[in-house]
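> So the sequence shown is residues -26 to -1, 1 to 614, counted in mature numbering (1 follows the signal peptide of the UniProt record, and there is no 0). All residues carry an ideal CB built from backbone N, CA and C; glycine is no exception. Mind looking over this structure? Questions follow.
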Amino acid sequence: MSPRPAARSTLATILAGILWLGGTQAGTPPPDRASLSDTPHGAQPAAAILNPAAGSSAGGDARTGSSDHAALAVDLDRILADSRLRGAQVGVVVRETATGKTLYDRGGDDRLLPASNAKLLTAMAALRVLGPDYRFVTDVSMTGRRHGPVLYGDLYLRGTGDPTVRAVDYERLAAEVAATGIRVVHGRLRTDDSWFDRVRLGAIWAWDDEPYYYQPQISALTLSPNTDFDSGTVEVRVQPSVPGRPPVVELMPETGYVHVENRAMTGRPGTPTTITVERRHGSNVVDVTGSIPAGTEDPRAGPGMGTADPLAGSSTGTTDPPSGGDVTADSPRAGTDVDAASVTELATVSEPTGLAADVFRRALSRHGVHVLHATTDEGVVPPGTTVLARRYSIPLAELLVPFMKLSNNGIAEILVKAMGRERHGEGSWPAGLRVLTTEMAELGLDPAGYRMADGSGLSRMDMVTAGQVSQLLLAARTAGWFDTFRASLPVAGQPDRMVGGTLRNRMRGTPAAGNVRAKTGSLTGVSALSGYVTAADGRLLVFSILLNNHLEAVRDIEDSIAIRLATHHADRNHTAAPHPVASPKVPDDPRTRTEDLLAGSSIGTADLLAGSSIGTADLLAGSSISADESMLECSWTGAC
């Protein structure tokens, strides 16, 4: 593996933390120029960033006259004077929650791409429209008449968009059908996904991102292969055999709906892993190519391997409305998962309704229920059917955790369509976005001042201002669902995936760690961070950072701003207690959503190619995914 590139994205954050510490010691001089020779690309040295005396304001607007706010403006101006933002668009707004006062405003009225900061709007609207207790329902019903174990009629499998349904849940639904005594269905299995329309992909989504898990097709009847709820995808697990032979490829869940073409090879021990997994455009053929090194142990004994038993693992829902649910933190990872003996990747499925039907039909057979005629997707459950089995999802309050912490695009779009169905009887993007616009108006947003084309931020038609995002964050504070919303936000520097989420490897060991709760966002040329931070004097602040049209990684600039806000104090003579500073670590879990890996990550191209579904040819031959970013959610129209 080639050496890693310089970890530019973490340098300013580290220096900012160190200088913050140094600034607490009276009389400590700033480091000399030589000691800052590694400052990236003409960026302002961290001393200048955190020392107001180092220069004058570059033009931010501190809308209160107090000296502490003026000093904050000087510091934030210096952070934003980084040369990487020359020619870029910047929107940064900081406000007090107690008074609503604006402490800083740079480009706060400029409409910019929010990337996954769009999920802030989607989450708030869903909590208002659907409510924290909202649950999706999947059920099985019958038509016709029974004669002993024979049903002379059809079975209907109906979905309402539940992204948490897994193979184990379809297995349990099948077991409930079998428990009624039915053994032969003298008719068809019909699928009903009419709760949503059949527009599977959003506006201005890139066609070349369709194979990748971050851009799933949206259906009311779907399936997730893991407890991150990456609906509309399947897991492809690749295990080495012996050198010179094809590896063993396993598809989870077991299905005939997706076909795997295994053109990969097992390499000698110690050789690089270059496995790629990619679904062919417009089909359900998944190509597995590249090489995986042979191991010294039985490849099937390696960590991370699953089981062919469809009932293995725990369900995230029950057949009766549960009193609660649990979202596990150690679920299989989306994107690429490489361990000593296997590689696991996700691939999207074309028309996921068919996948759900195939998995359910196989489950029926295992439980002794045989459907004599073919499955059809032209069914709509007629009036008067008898419900045989039903499954409820976890409540929305719990679903928001993987949605927001891991920046799950599929859940975002499902929620948009669910809101449209709830309010207008139409599960479509247009209907759902009308609902979202109405709800945002109730929270203070002028519909004429922004545009949302989807719920995830994948679309480059989305436009919002930093001022509008800060307004929403302020308004949310007084809502009855605020605690649920706040709990869903990633927490800086917290290593647990279901706590720190996409911020778990950022701002570690700084005053922002365990303090900043914010939503990340990344597209190629777009980076965002918006949320809450408690200042050193105890005041709760809201902030929104939207950065567009930059050509280099800028995530560390966001971190520097957040750290500065965490150290802000109304008394300029206040000296904060020393705080240990640790260097931010490289993500130890390459599964993450894009915010973990892209925009200046210290993970280099060679690391991304090792077990990634993006090969060298993709990175060098005009792929929409750039070499300094991971394939895990970002391209010119991908999102995170």
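Can you check DSSP and say which residues form a bridge with Ser501?
For the purposes of this step, residue 501 is identified with residue 527 of the sequence shown, where counting begins at 1. Paired residues: Ser496 and Leu521.
> Taking all protein chains shown into account, do 16 or more other C-beta atoms lie within 10 angstroms of the C-beta of Ala22, making it buried, or fewer, making it exposed?
The residue you call residue 22 lines up with position 48 of the sequence shown. Any reading at Ala22 must be qualified, since the residue scores a pLDDT of 32, below 50, and its modelled position is unreliable; no value is offered.
> What residues in its chain sit with their C-beta under 8 Å from that of Ile385, if we drop five residues either side in the sequence?
Along the sequence shown, one-based indexing puts residue 385 at 411. Cβ neighbours of Ile385 beyond the five flanking positions: Pro137, Phe203, Ser205, Leu373, Pro376 and Phe377.
> Does the stretch 85 to 96 come within contact of the stretch 483 to 495, defined as at least 3 CB pairs closer than 8 Å?
Touching, per the Cβ criterion.
> Cβ-heavy atom distance between Gly429 and the ligand PLP below 7 Å?
Of ligands this structure carries none, so the ligand PLP is not represented either.
> Under 8 Å, do Ala544 and Gly82 count as touching if we go by C-beta distance?
Here residue 544 refers to the residue found at position 570 when the sequence shown is read from its first residue. Here residue 82 refers to the residue found at position 108 when the sequence shown is read from its first residue. For Ala544 and Gly82, no; Cβs fall outside 8 Å.
> What distance in whole Å lies between the Cβ atoms of Arg237 and Ala321, which are believed to be in contact at a cut-off of 8 Å?
Translated into positions along the sequence shown, residue 321 becomes position 347. Translated into positions along the sequence shown, residue 237 becomes position 263. Incorrect: roughly 15 Å between the Cβ atoms, too far for contact.
> Which one or two residues does DSSP pair with Leu515 in a beta bridge?
Sequence index remark: in the sequence shown, residue 515 carries index 541 (1-based). Beta-bridge pairing links Leu515 to Glu70 and Val507.
> Quick check on DSSP: helix, strand or coil for Val260?
Sequence index remark: in the sequence shown, residue 260 carries index 286 (1-based). Residue state, collapsed to three classes: strand.
> By the DSSP assignment, the beta strand (DSSP E) with Leu463 in it spans what residues?
By one-based count along the sequence shown, residue 463 stands at place 489. No beta strand (DSSP E) contains Leu463, which DSSP labels as neither H nor E.
> Can you tell me whether Ala275 is buried or exposed? The criterion is at least 16 other CB atoms within 10 Å of its CB, across all chains shown.
Position 301 of the sequence shown, counting from 1, holds the residue named residue 275. Because the pLDDT at Ala275 is just 35, under 50, the model does not fix this residue reliably, and the point stays unresolved.
> Closest to Met239 by C-alpha separation, out of Ile519, Pro227, Met226 and Val262, would be which residue?
Reading the sequence shown from its first residue, position 265 is the one you call residue 239. Selected option, being the one with the closest Cα: Val262.
> Going by DSSP, what residues sit across from Asp183 in a beta bridge?
Taking the first residue of the sequence shown as position 1, residue 183 is located at position 209. None; Asp183 has no bridge partner.
> Is it the case that the Cβ atoms of Val465 and Gly429 are separated by a distance below 8 Å?
Residue numbering aside, residue 465 sits at position 491 when the sequence shown is read from its first letter. Residue numbering aside, residue 429 sits at position 455 when the sequence shown is read from its first letter. No, Cβ-Cβ distance for Val465 and Gly429 is not below 8 Å.
> Please classify Arg567 as buried or exposed, where buried requires at least 16 other C-beta atoms within 10 Å of its C-beta.
Mapped onto the sequence shown, residue 567 falls at position 593. At Arg567 the pLDDT is 38, less than 50, meaning the model places this residue with poor confidence and gives no usable figure here.
> Give me the residue from Ile192, Ser193 and Val210 with the minimum Cα distance to Pro199.
The residue given as residue 199 occupies position 225 in the sequence shown. If we check each option's Cα against that of Pro199, Val210 comes out closest.
> If you drop the 5 nearest sequence neighbours on each side, which residues of the same chain put their C-beta closer than 6 Å to that of residue 621?
Given that the chain is displayed from residue -26 to residue 614, the structure contains no residue 621 and the question cannot be resolved.
> What are the start and end residues of each continuous alpha helix (DSSP H) run of 4 or more residues lying completely inside the stretch 332 to 393, in chain order?
With a minimum length of 4 residues, the continuous alpha helix (DSSP H) runs that stay inside the stretch 332 to 393 are 370 to 379.
> Beta carbon of residue 615, beta carbon of His347: below 8 Å?
Within the shown structure, residues of the chain are numbered from -26 to 614, placing residue 615 beyond reach of any answer.
> Counting Cβ pairs closer than 8 Å, one from the stretch 177 to 185 and one from the stretch 142 to 157, do we hit at least three?
Flag = no, the stretch 177 to 185 and the stretch 142 to 157 do not touch.
> What does the alpha-carbon distance come out to for the pair Ser324 and Asp56?
Reading the sequence shown from its first residue, position 350 is the one you call residue 324. Reading the sequence shown from its first residue, position 82 is the one you call residue 56. In a straight line, the C-alpha of Ser324 is about 43 Å away from that of Asp56.
> Our contact map puts Glu413 next to Leu104 with C-beta atoms below 8 Å; I'd like the distance itself, whole angstroms only.
The count along the sequence shown starts at 1 and reaches residue 413 at position 439. The count along the sequence shown starts at 1 and reaches residue 104 at position 130. About 11 Å separates the two Cβ atoms, so there is no contact after all.
> Does the count of Cβ pairs from the stretch 481 to 488 and the stretch 454 to 462 closer than 8 Å reach three?
No, the stretch 481 to 488 does not touch the stretch 454 to 462.
> Kindly identify the DSSP beta-bridge partner or partners of Val114.
What you label residue 114 is simply residue 140 of the sequence shown in a count that begins at 1. According to DSSP, Val114 bridges with Leu131 and Ala363.
> Alpha carbon to alpha carbon, how far is Gly155 from Leu593? Give it in angstroms, no decimals.
Residue numbering aside, residue 593 sits at position 619 when the sequence shown is read from its first letter. Residue numbering aside, residue 155 sits at position 181 when the sequence shown is read from its first letter. The predicted position of Leu593 is uncertain, since its pLDDT is 26 and thus under 50; no value can be drawn from it.
> Quick one, which of Asp51, Asp167, Tyr188 and Phe110 has its alpha-carbon nearest Val354's?
Stepping through the sequence shown from its first residue, residue 354 is reached at position 380. When each option's Cα is compared against that of Val354, the closest is Asp167.
> Residues in its own chain within less than 6 Å of Leu447 by CB, not counting five upstream and five downstream?
Residue 447 sits at position 473 when you count from the first residue of the sequence shown. Closer than 6 Å at the Cβ level, and outside the excluded window around Leu447, lie Val516.
> Starting from the C-beta of Val500, find all residues in its chain whose C-beta is less than 6 Å away, skip the five residues before and the five after it, and write them out in chain order.
Here residue 500 refers to the residue found at position 526 when the sequence shown is read from its first residue. Leu87, Ala89 and Asn522, listed in sequence order.
> Using CA atoms only, rank isn't needed, just tell me which of Arg513, Met98 and Asp533 is closest to Thr370.
For the purposes of this step, residue 370 is identified with residue 396 of the sequence shown, where counting begins at 1. Note that residue 370 is Leu in the sequence shown, not Thr. Among Arg513, Met98 and Asp533, the Cα nearest to that of Leu370 is on Met98.
> For the alpha helix (DSSP H) that contains Ser444, what are its first and last residues?
Against the sequence shown, residue 444 aligns to sequence position 470. From DSSP, the alpha helix (DSSP H) with Ser444 extends over Ala440 to Ala450.
> Compute the Euclidean distance between the alpha carbons of Ala62 and Leu54, then round it to the nearest angstrom.
As a position in the sequence shown, residue 62 is number 88, starting the count at 1. As a position in the sequence shown, residue 54 is number 80, starting the count at 1. Cα to Cα, Ala62 sits roughly 11 Å from Leu54.
> At the level of alpha carbons, what is the spacing between His344 and Thr196?
The sequence position of residue 344 within the sequence shown is 370, counting from 1. The sequence position of residue 196 within the sequence shown is 222, counting from 1. If I take the Cα positions, the gap works out to 22 Å.
> For a cutoff of 8 Å on Cβ pairs, would you count Ala510 as touching chain D?
The structure shown has no chain D; it contains just one protein chain.
> If I measure Cβ to Cβ from Glu532 and keep anything under 6 Å in the same chain, skipping five residues before and after, which residues do I get?
The residue given as residue 532 occupies position 558 in the sequence shown. Answer for Glu532: Leu503 and Ile519, listed in chain order.
> Exposed or buried, Ala20, counting other C-beta atoms within 10 Å across all chains shown (16 or more means buried)?
Start at 1 with the first residue of the sequence shown, and residue 20 comes out as number 46. For Ala20, the predicted structure reports a pLDDT of 33, less than 50, and the residue's modelled location is therefore unreliable. A value from the coordinates is still provided. When all chains shown are included, Ala20 counts as buried.
> Pull the bridge partners of Ile266 from the DSSP assignment, please.
Counting from one through the sequence shown, the residue named residue 266 turns up at place 292. DSSP lists Thr240 as partners of Ile266.
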